[in-house]
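Let me begin by presenting the structure, written as structure tokens, before commenting on it.
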Amino acid sequence: MKKLSYILLPAICLLFGHLTAQNISIEFNKNEIPVILKAIDRGSPYRIFFKEATLPDKKLTGAFSDAPIADVLNQLLSETDLTYWFYDAKNIIILPKTLIAKEFTADYYTAIEKTKEAAAKPPSKREIIIGQIDRLAASGKATIKGHVTNKKSKKPIDLATVYIEELELGITTDANGAFEVKVPPGKYTFSVNYLGFSPYKKQVTIYSDGDLEIKMRKGAVELTTVVVGADAVDVNVGNAQAGRTRIEIASLKKTPTFLGSYDLIKNLLFAPGVSSVGEGTTGFNVRGGEVDQNLILQDEGIVFNTAHALGLFSAFNPDLLSSVILYKGNIPAQYGGRLSSVLDIGMKDGDFNSYNLKGSFGPVASNLKVEGPVIKKKSSFIVGARASYTKWLLKALKIPELNESSSLFYDVNVRFTQKLKKKNTLTLAAYTSTDNFKFQNQFGFDYSTTMGQVIYKNIFSNKLFSKLSLVANQYSSTQYDYEGLDASNFSNSASNFKIKELLTYQPDKNNKWEMGFSSILYKVNPGDLSPRGSESILLPKMLDEEKGIENALFVSLEKTLSPALTISAGLRLSAYMNLGPKSVFQYAPDAPIRVENIIDTLDKSGILASYFGLEPRLSARYKLTPTSSIKGGYSRMSQYLNQLYNSDSPTPTSQYQLSTGLIKPFKSHNFSIGYFRNMEDNNWVTSVEFYYRFIDRLYDYKDFAIIPANEHIETELRIGKGSSYGVELSIQKKTGIWNGRLSYTYSKTRKQVPSINFGQPYPSGFDRPHDFSLLLNRSFNNRHTFTLNIVYQTGRPVTAPLTNYRTPNHLVIPIYSRRNEFRIPDYQRIDIAYTIGQGYKKDRKFRTSWTFSIYNLLGRKNAYSIFFRQSPFTGTQAYKFSVLGSAFPSVTFNLEML
Amino acid sequence: MKSKQFIFKKFGSLLLMALSLFATNSCLQEIDLQPNDEADGLLVIQGKLSIADSGFVQVYISRTFGFKKTTGPKDVLHATVTLTDDAGNEMDIPGGMLDGYYRLGFDPDTPPIQITPGTKYQLKVKTPDNKEYVSTPEELARLPISQGIRIVRKEKEFETTTGSIQQKPVLELMISTPLEAIPGEGNKKLIWEVTSNYKLTDTPNGCQWEDTIPHIKTCYIQSLENIEENLFFDGQQSSLTELTDFILFDQLITYKFAEGCYFTVVQQSLNSDAFKYFQNTQELLSRTGSMFDPLPGNLRGNFRNTSDESEQVFGYFYPTMEDTLRIYVSPDMADFPETNCPRNLPDALSAPNQCCDCLLAPGSSLTKPFYWEF
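Chain order of the listed sequences is B and E. In terms of the working numbering, the first sequence opens at residue 1 and continues consecutively. In terms of the working numbering, the second sequence opens at residue 899 and continues consecutively.
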């Protein structure tokens, strides 16, 4: 192939001086065709791709002076079965005449581009080359048939995980140790793992169809690669769990950004069944659930707040993520404590072999990540940081009110991983995140998370391994009111200490047990209201700290009963205790829980209240065909920690509330069933899933509830029940020139609480019956991608004014409708992005890429809320408040140094 | 002082500006909503028993009306209104012949029924369609007697339409009052009503109808100042025992002060339930639509239909003690602002206006209020 040799052949003289744009001058005397082609390649602006073995041994003599390249090639190839094809103005491919007549797909041309990358570097001794460029199928994809065997016994290895890192594509071997995958030509890293065997990792250059033999040695296995391994390529059909969504990390950097910041949470909103109240709000809603009904885990640490800048940006650094899985249906037994979903975010270990630095630079904030070995192959570190620079930008502006304001957020992740005795791994990780906001000298707020965790992974045998984790975490927030007689600071916090042991036992390929325990000690400061400054006349209020401990034992079994049928059954037994010391109000028996019905206040210590939860989890998958299956499941969930907010959605400064003797835990039953089908060799992934959730205990807020610093918070809540149901449709095309995802959800979410809405059912604030999103990528080649997002959602329910009355002193008082009786206008948004990806030369010391995006392309002013105001001149007028009022173009520059 | 719930609402209104710090260009827009007539015509009963230098009961009975209605509320006439105390004593409140107002004034020293702090009072209303409504018994709270009000002239920053900041003179109205009615009894919950009454003399120059005006008149124009919000203070949430120069509101200096103006402040005491009602009312009036806004609620008053508990009845009846204070703002205190008259308008637009005929101003009267000394 090209550039195999740079030996100058004196018999060939290429006259550079006579070179024009298309023409060349060359003389050759009894030279072989490959030698002549190499000389042209070397001495002219043209790059010629050919397979030496296909060229005849013929020796040619000739001379051309300022001749078109086509003339030269025509003569060289005149007596062969070969022809040439201009891939573009400067790149020429020599290939059999039979191939050129075919109708090539766009993938083919992309594949040709990939061959340049593959050919750019001479293969190393450890590199495997598969196929020939002239054998590439017209589809532009190469079919690789692989075979994984035990090197010593020569026996095939069943269910080994084969993972192509660059494509984030995984597959498992069958009973014969075989696998098959279709990929575009290029250079790839194949990682193969199987419990009890040393990991296999090889560079493979693929030109066309071919075979790959992989021989694995018995040995230690890094648990991380087992646990954080990629999904099998047919996971949509094959996995036993319904309602499980994996977020592709690689796709994050191609989706349009808001002000240049890649955002995990905004990307998550494209998944079916996931929505949010609107821009500028914290968190997300899954299947109609509240924001605080999602358990968000960063490794094993519970993340209370996912947002920077009130929700305009997410708190996760995308450069540090290794895997993101959302469980919204049948939640595995190892997870609990929330009703709606679990977002399991796995963080990357640092590189054990080499150092590298990576950064993204946007108009509002920048990311930086550095990683590398501490002791090569033994231990590694990774440090990632993000920060906004709006604080300095505001100072630079010549606008007085902005000069006096400040806005800043940052987050830092530090992670150290040590391999111990080959089999075990110890990870120490720390995370801190801070937001600080001040508007002139009028008000401000800040909120921060500090978290540390220790994770110890141990492999006892090739069938049994464990993961022990210890986590300490604190989230705190403060609102500041700087002015007036009521100037104040209002602080609240929630912290937890967690220990969890997860034991995995896999005696054979058909059985996988998971068991363990977890214990979480929560400490919640519901509110501390204090006067600010000497002028404030506010009475200070400090509520008692609340404590609770949530213990859980869990066990689950995933069992393959037949090639078609797999079941996963689990049981989680949770026990929660509300702990003292604390002042507890005693309300008159059989009387409503109101302040006027308090009959005593007791100072109590020890266990104040305790609750148990028996939480079965069951799911099953039945394969109808190799590419289609039906899955269904049921789970019972309990929730002992909630967030209190009497607004449309929680804010980062909303306080937390543990279950108490008067505020009982939430409970839900979750059912789901769906049909899943993959097509075209798992490139098309489709599903339709029905769900139903019944919450047999929840609370909502009475009208005009007062939440902050309220020591009688139970008097503001009303207990009831709720339900949600819906159907989720997802169609995803994973690769190809056009790829992307279409999601549609139809759902209904209802609450029924005595004394609210006259006891009648009403929609929850997150009820959006129609939720449609389309994420479409057009890959012009491997570097250039255009992305289009379209989002449509039914407007969320609101309580709106119906009528009004006038007071004798002419105030006009609005009368509001029943709760959530009306809806704000529907939400629509279109975003676009154009990504210029990294260059093909992987051996460069640094790589750059750009993302240009426009968020809210049409500048649509989507309503966040509707409210009414009156004035003496205009009377009563309805207004809509839009968080975003225009289109937001941005540019992000990404840099990676190796 | 407002509850902390309201303090957080300040976050909401300012958040609109604050979001601009993230360059999000958030915005407010007027929108047209289809009026919903289904809830129009519901009964509203608003009543007050007031004890001060004079005593009176005022009840206003009307019906709800839609936002887009230009006719305003429909009054309920010919109802029977009775005030009772917790001992069962009653007095009828006459009125409702021409409008929805029912009034009875009395000498506080010789009231038809005993009016004393700590006693509970309630209102009974029988409408012409023979429906009976009754309010929950409400306790009359004692009132701290205020020490006085005063006016201070200050410069205040305002944002112009172009976004720049401009200093403009304002008058701040401040009150000083103890919060306890009786030392040791505890702080009270207070609410204030502020009205202004300013003088305006006809300026016929430039009026097309100059010849037809019989003579130059002087009018006294009264208007409610806190038209967009209730002014209240929860003394029970304060560490103070008295308020000193507590700012009730500030007002730009305009032509209103060119010939002199009186401010009248009526300080009232409220019991806890009534205070909560006004607090809730204020919450609805000051919504900003931001993510910090508390959810709106269904404002329930303290009336019910005695034979149909499910009927929605709005409004509130409360007893209160009142303390009235006045202050005069002379033209020189306001630095002699211009009168805004005559108006230099094109002929086509020079319709009769309040410069030509001061009686055209809303709230205008030729009767000089008894407290006017100037």
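Beta carbons are placed, not taken as given, at the ideal position from N, Cα and C, and that holds for glycine.
B:G580 and B:E550 have their alpha carbons spaced roughly 15 Å apart.
For B:S366 and E:E1140, the gap between their C-alpha atoms comes out near 52 Å. Using a Cβ distance threshold of 8 Å, B:L573 and B:L618 do not count as a contacting pair. Contact between the stretch 179–195 of chain B and the stretch 245–261 of chain B is absent, with fewer than three C-beta pairs closer than 8 Å. Judged by pairs of C-beta atoms under 8 Å, the stretch 1141–1148 of chain E touches the stretch 1068–1080 of chain E, as three or more such pairs exist.
E:C1117 has E:L1098 as its beta-bridge partners, per DSSP. Going by DSSP, E:E1181 is part of the alpha helix (DSSP H) stretching over S1170 to L1183. Cβ atoms of B:R636 and B:F666 stay farther apart than 8 Å, at about 12 Å. Shown here, B:Y335 sits in coil according to DSSP, grouped into three states, outside any helix or strand. At the C-beta level, B:F893 and B:W850 come within 8 Å of one another. Within the same chain, G273, V274, N294, K328, S340 and S341 come within 7 Å of B:V286 by CB-CB distance, once the 5 residues on both sides are set aside. Under the Cβ distance rule, E:P1042 does not count among the residues neighbouring chain B, no pair being separated by less than 8 Å.
When Cβ-Cβ separations below 8 Å define contact, E:M995 makes no contact with chain B.
Any Cβ of chain B closer than 8 Å to the Cβ of E:A1172 would place that residue at the interface, and such an atom is absent. Listed along chain B is no residue with a C-beta nearer than 9 Å to that of E:I959; the closest approach is about 11 Å. Contact annotation for E:E1091 against chain B: N809 [CB-CB distance below 7 Å, chain order]. For B:D319, the secondary structure class from DSSP, reduced to helix, strand or coil, is helix. Collapsing the DSSP output to three states places B:Y194 in coil. B:I756 carries a coil assignment under DSSP once its states are collapsed to helix, strand and coil.
By the beta-carbon neighbour count (other beta carbons within 10 angstroms, threshold 16), E:I1063 is exposed.
At least 8 Å separates the beta-carbon of E:T1204 from that of E:E1036.
Within the same chain, T432 and Q474 come within 6 Å of B:T450 by CB-CB distance, once the 5 residues on both sides are set aside. Within its own chain, the residues whose Cβ lies closer than 8 Å to the Cβ of B:K664, once the five positions on either side in sequence are excluded, are Y611, R697 and I719, listed in chain order. Residue contact with chain E for B:R806: present (Cβ-Cβ distance below 8 Å to some residue of chain E). When the alpha-carbon of B:Y335 is set against those of B:N356, B:P318, B:E300 and B:L321, the nearest one is in B:E300.
Scanning the stretch 799–854 of chain B from its first residue to its last, the whole beta strand (DSSP E) runs of 3-plus residues come out as 801–806, 812–816 and 827–836. Its Cα nearest to that of B:T143, the residue B:E680 stands out among B:K751, B:Q828, B:E680 and B:Q752.
Residues are counted here when their Cβ sits less than 7 Å from a Cβ of chain E; for the stretch 812–826 of chain B these are I813, P814, I815 and Y816, given in chain order.
Under the Cβ distance rule, B:T715 does not count among the residues neighbouring chain E, no pair being separated by less than 8 Å. Taking the C-beta atoms as reference points, B:R818 is found no nearer than 8 Å to E:P971. Exposure of E:E1271 is indicated by the presence of fewer than 16 other C-beta atoms within 10 angstroms of its C-beta. Here the alpha carbons of B:D71 and B:K38 stand approximately 17 Å from one another. Within chain E, the residues whose beta carbon sits less than 8 Å from that of B:D648 are M1189, D1191 and L1193, listed in sequence order. Listed in chain order, the beta strand (DSSP E) runs fully inside the stretch 462–534 of chain B are 464–481, 488–508 and 511–531, counting runs of at least 3 residues.
For B:I537, the C-beta contacts it makes with chain E under 7 Å involve M899, S1136, S1137 and L1138, in order along the chain. For E:F1190, the secondary structure class from DSSP, reduced to helix, strand or coil, is coil.
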